[in-house]
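Peer 1: Sharing a structure below in structure tokens format, with a few things to ask.
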Amino acid sequence: VILAGRRINDGMGKFIAEQTIKQMIAAGCAIKGAKVNVLGLTFKEDCADLRNSKVIDIIHELQTYGVEVIVTDPDADADEAVHEYGVRPVKWAELPKADAIVAAVAHKSYKALSAADLAAKVVAGGAFIDVKAAFDQKALEAAGLRVWRL
16 VILAGRRIND GMGKFIAEQT IKQMIAAGCA IKGAKVNVLG LTFKEDCADL RNSKVIDIIH
76 ELQTYGVEVI VTDPDADADE AVHEYGVRPV KWAELPKADA IVAAVAHKSY KALSAADLAA
136 KVVAGGAFID VKAAFDQKAL EAAGLRVWRL
């Protein structure tokens, strides 16, 4: 049972990336060269620990599709993220308007953002992947986003 659970957990990054790609295609997005903003890199919410983070699996899988992935995480140490994973998180203000957002870690600072704040970082009709089901789906949809939740 433990091994089966571990297999499911180990495949979750690939599954989330595949669902992200499917949602982007359904929104009419050309995948190669598309941009995806990933919110969160740490192991869990509101902590700086990067060890054992599965978010990197999502990032790597998205990159296999030719997607440009931009990561932000207010709690992660940028130098440690580069050292551990080869990824340098940017500040929220530096995030470009992307084709999709993957809300991977539900930090309080992300949950405090309005649907309009989140939608401002995504093209009209873009995908919002709510991994932790932490955001108001109806508000995001009203802001023009295509929402998928785990």
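Add 15 to a position in the sequence shown, counting from 1, and you land on the number used in this note's numbering.
From the three backbone atoms N, C-alpha and C, an ideal C-beta is built for every residue, glycine too.
1. Scan the stretch 68 to 118 and note each continuous beta strand (DSSP E) run of 3 residues or more that stays entirely inside, going in chain order.
2. Looking only at DSSP bridge pairs, what is L54 linked to?
3. Distance check for L155 and A121, CA to CA, integer angstroms please.
4. Contact criterion: CB-CB distance below 8 Å. Does F58 meet it with respect to chain D?
5. For K69, which residues in the same chain have their Cβ closer than 7 Å to its Cβ, ignoring the five residues on either side in sequence?
6. Contact check, K47 vs G101 under 8 Å by CB: the rounded distance?
7. Using the beta-carbon count (16 or more within 10 Å), is L165 buried or exposed?
8. Please state if the CB of D61 and the CB of K123 are separated by a distance shorter than 8 Å.
9. Report yes or no: do three or more beta-carbon pairs, one from the stretch 83 to 92 and one from the stretch 143 to 162, lie closer than 8 Å?
Peer 2: Reading off the structure:
1. Segments of the beta strand (DSSP E) lying fully in the stretch 68 to 118: 83 to 87, 113 to 118.
2. Bridge partners of L54: T87, A118.
3. 15 Å
4. Protein chains in the displayed structure number just one, and chain D is not present.
5. Closer than 7 Å at the Cβ level, and outside the excluded window around K69, lie M27, G28.
6. Not really, about 21 Å apart at Cβ, beyond 8 Å.
7. exposed
8. yes
9. no
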